[in-house]
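Undergrad: First residue of the sequence shown: 482, per the working numbering; consecutive thereafter.
Built from N, CA and C at the ideal position, the CB exists for glycine as well.
From a predicted model like this one, the values you see are computed outputs, not experimental measurements.
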Amino acid sequence: QVQLVESGGGLVQAGGSLRLSCVASTRTFSINDMGWYRQAPGKQRELVADISSGGSTNYADSVKGRFTISRDNAKNTVYLQMNSLKPEDTAVYYCKAVWLGLNYWGQGTQVTVSS
């Protein structure tokens, strides 16, 4: 069982930055993939970025060049640095971990970008 707790969301003006954190209850070096997803009102949940245990990253086209995902296994934490935020980035952001073949999700953190 893996519990994930996100933090760092909030209200920011367009062009601003936020850093999301996701702390896992188990050692992240044992977790395969970790990622960030988001869900805007009325839309499906979508991948924002993910990172493998080896450090390989993958980004949605809409965030490439603006967002950076990283993980610190010593702190059991994955981060999402979000720069140059746009109103269309407004959503609930969820952390996901794949551990022993199962998907685990955090409770989500709200990010609101005002124009």
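Just how far apart, CA to CA, sit Gly497 and Thr571?
TA: So the two alpha carbons sit approximately 12 Å from each other.
Undergrad: DSSP on Lys545, reduced to helix/strand/coil?
TA: Residue state, collapsed to three classes: coil.
Undergrad: According to DSSP, which residues form a beta bridge with Ser595?
TA: BP columns for Ser595 point to Gln494.
Undergrad: Tell me, to the nearest whole angstrom, how far the beta carbon of Ala505 is from that of Pro568; I am working on the premise that it is less than 8 Å.
TA: That pair is no contact at about 30 Å.
Undergrad: What is the DSSP secondary structure of Ala555, counted as helix, strand or coil?
TA: The answer is helix: DSSP assigns Ala555 an H, G or I state.
Undergrad: For Val488, does the three-state DSSP call read helix, strand or coil?
TA: Note that residue 488 is Ser in the sequence shown, not Val. Correct three-state label for Ser488: strand.
Undergrad: So the candidates are Ala521, Gly516, Ala541; which of them puts its Cα closest to the Cα of Ser534?
TA: The candidate whose alpha carbon is nearest that of Ser534 is Gly516.
Undergrad: Considering Ala521, what are the terminal residues of the beta strand (DSSP E) in which it resides?
TA: No beta strand (DSSP E) holds Ala521; DSSP gives it neither H nor E.
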